[in-house]
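Protein chains in written order, with the working numbering: chain A, 9 to 302; chain B, 9 to 302. Even glycine gets a Cβ: it sits at the ideal position worked out from N, Cα and C. Remember, it's a predicted structure, so these values are computed and weren't measured experimentally. Worksheet: one structure, shown below.
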């Protein structure tokens with residue numbers, strides 16, 4: 009049983025047994041007041057690039073810190089650590105703001121959380137934090153998706169009033185699996201076809217298989233919006249809307265990629281029961297402590 | 009038994025049971041005299057881009073022609089037609105210069121074969137021709153390799169005195185699986201580790217698995233030479249040395265890629281017995297009719 013089975017209003021129905029057409033989102037994109045010049049085009053494109061968010065010194069510090077975590081034997085059996093099938097290497101570590109004091113401090117900095125507050129127009133809390141490691145040679149990409157679609161279906165996030173900040177710890181080239189986005193696609197909600205299987209998150213964090221958008225939908229968005237890549241030096245960051253369509257190719261180059269990934273949600277948009285899954289996902293993936301940052 | 013088992017001199021030993029280190033190639037890159045300005049940097053980088061080799065009209069003509077071939081039921085059981093595992097679609101059609109009169113005419117044009125002659129310093133013949141189709145959404149990439157390594161090991165090509173011309177029939181973006189090359193890597197031969205299994209070509213045309221360079225070698229080349237991508241509008245072409253290290257990522261975008269791929273070999277570099285395989289590959293993959301083009 010899901011919320012919609014009980015007749016609860018669901019403006020973003022997804023994971024339905026019959027396919028549904030994509031539609032214009034009703035919620036705003038910018039809920040607050042944009043003051044940082046870097047965020048000027050956020051409303052239009054659904055993302056903004058912030059160059060040199062971290063200095064080279066800080067990049068080095070965080071790289072050491074996140075490498076330390078990936079190599080910490082105490083975490084090997086921790087479920088917050090996700091292993092990549094093909095490469096047999098660490099792909100992600102969740103709740104990194106709790107595992108690393110340095111990342112925890114970073115989250116609380118005004119210039120970080122403040123970016124999210126400008127867009128979301130309220131206090132914000134951390135919905136998810138992780139560090140991602142995409143190895144060279146065998147780095148698996150991930151297929152097109154909207155994060156909000158998953159957070160709504162599986163975590164019970166009511167509206168697309170959340171933003172993600174991806175901070176590059178390595179240089180992003182066009183050819184090493186850097187993030188591809190469809191600028192403007194954040195205004196279109198693409199319902200996914202098919203019901204969520206139990207414990208879906210265990211597989212979906214490794215490889216997206218269920219709950220992915222249809223090719224017709226991606227084709228339509230691709231024709232309408234085109235594709236941009238988030239490239240740039242280590243230390244640069246991408247802030248993007250929770251409903252932006254994005255994905256990445258695999259990485260066969262010798263140049264690995266890693267980043268810190270922070271998701272801020274509005275305190276006025278806290279999680280309820282999942283809209284299209286039997287059980288909510290674990291709190292290390294979808295935090296249910298809604299205490300505002302700071 | 010292979011040629012080297014008989015004590016035949018092999019300056020490019022590969023597919024050996026013990027790993028061998030990469031080494032500087034002894035043969036020249038440019039054997040003739042470069043006259044076309046587009047080829048000015050061929051010697052240095054191992055490739056040249058020729059913008060607008062085909063006009064938009066010709067691109068449209070060849071696209072129709074190659075689509076016709078991919079859909080021709082008479083070819084479905086033809087072994088020259090290669091099917092991609094994952095997408096269950098046509099990946100390549102070999103000997104396309106015989107299957108299509110238009111492609112046959114193209115090969116014989118002075119401005120096409122002439123490019124190869126300038127580099128190779130002799131008359132040239134067609135070692136291989138094919139059309140490649142990389143679908144959107146599920147297009148598989150291919151791992152790093154030198155074509156010459158395969159042509160030497162499996163086809164008995166003595167020296168890297170051959171060039172490939174890849175003519176784009178669709179736009180090449182940085183994100184839809186376009187060719188990645190390591191500029192300057194053509195001067196380094198990377199022996200591959202492991203003996204060639206029988207009928208290796210049947211699998212290797214779909215997915216490279218055996219006879220691929222080691223990660224240490226790719227790492228070293230990547231650090232020394234970096235990576236460039238062949239991007240540009242449909243109709244542009246890349247002429248590249250047979251020993252240039254190249255590969256491509258997968259293509260999850262809605263934008264498919266297709267190209268005509270022509271390999272010219274010097275008539276002074278014709279094939280003998282394979283250097284590291286029991287049997288030569290079929291002639292639709294490695295032509296043994298050495299009649300010069302024109």
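Opposite residue i in the DSSP bridges: which residues?
i: residue 245 of chain B; result: B/58, B/175
i: residue 92 of chain A; result: A/97
i: residue 270 of chain B; result: B/137, B/173
i: residue 26 of chain A; result: DSSP, once it has assigned bridges, lists no residue as partnering residue 26 of chain A.
i: residue 265 of chain B; result: B/142
i: residue 31 of chain B; result: B/197
i: residue 237 of chain B; result: B/188
i: residue 256 of chain A; result: A/150
i: residue 102 of chain A; result: A/138
i: residue 132 of chain A; result: A/274
In chain A, which residues lie less than 9 Å from residue i when you measure between Cβ atoms?
i: residue 227 of chain B; result: 144, 145, 262
i: residue 230 of chain B; result: 144, 261, 262, 263
Measure how close the beta-carbons of residue i and residue j come, nearest whole angstrom, since I'm counting them as under 8 Å.
i: residue 270 of chain B; j: residue 38 of chain B; result: About 19 Å; that fails the 8 Å criterion.
i: residue 275 of chain A; j: residue 132 of chain A; result: 7 Å
i: residue 3 of chain B; j: residue 204 of chain B; result: In this structure chain B extends from 9 to 302, so residue 3 of chain B is not present and cannot be described.
i: residue 174 of chain A; j: residue 250 of chain A; result: With 8 Å as the limit, residue 174 of chain A and residue 250 of chain A do not qualify as a contact, their Cβ atoms being about 13 Å apart.
i: residue 78 of chain A; j: residue 104 of chain A; result: Contact flag wrong, Cβ pair sits at about 10 Å.
i: residue 222 of chain B; j: residue 150 of chain B; result: Not confirmed; about 17 Å, so no contact.
i: residue 55 of chain A; j: residue 246 of chain A; result: 6 Å
i: residue 182 of chain B; j: residue 182 of chain A; result: 4 Å
Which residues of chain A have a Cβ atom closer than 8 Å to the Cβ of residue i, listed in chain order?
i: residue 141 of chain B; result: Near residue 141 of chain B there are no residues of chain A at all, since even the closest Cβ is about 16 Å away, more than 8 Å.
Whose Cβ in chain B lies nearer than 8 Å to the Cβ of residue i?
i: residue 54 of chain A; result: Near residue 54 of chain A there are no residues of chain B at all, since even the closest Cβ is about 17 Å away, more than 8 Å.
i: residue 152 of chain A; result: 260
I want to verify the contact list: residues of chain B whose CB lies under 9 Å from the CB of residue i, in sequence order.
i: residue 255 of chain A; result: 260, 261
i: residue 188 of chain A; result: 183, 260, 261
i: residue 126 of chain A; result: Under the 9 Å cutoff, chain B gives no residues; its nearest Cβ is about 29 Å from residue 126 of chain A.
Give the residues of chain B in contact with residue i, contact being defined as C-beta atoms less than 7 Å apart.
i: residue 379 of chain A; result: The shown model of chain A, from 9 to 302, leaves out residue 379 of chain A, and the question about it has no answer.
i: residue 237 of chain A; result: 182, 183
i: residue 223 of chain A; result: 145
If you run the structure through DSSP and keep just helix, strand and coil, what is residue i?
i: residue 151 of chain A; result: strand
i: residue 21 of chain B; result: coil
i: residue 232 of chain A; result: helix
i: residue 283 of chain B; result: coil
i: residue 159 of chain B; result: helix
i: residue 120 of chain B; result: helix
i: residue 296 of chain A; result: coil
i: residue 68 of chain B; result: helix
i: residue 111 of chain A; result: helix
i: residue 51 of chain B; result: helix
i: residue 82 of chain B; result: helix
i: residue 291 of chain B; result: coil
i: residue 76 of chain B; result: helix
i: residue 168 of chain A; result: coil
i: residue 302 of chain B; result: coil
i: residue 46 of chain A; result: helix
i: residue 125 of chain B; result: helix
Inset, instruction - Please list the segments of the alpha helix (DSSP H) lying wholly inside the segment 181 to 230 of chain A, counting only runs of 4 or more residues, in order along the chain. - result: 208 to 212
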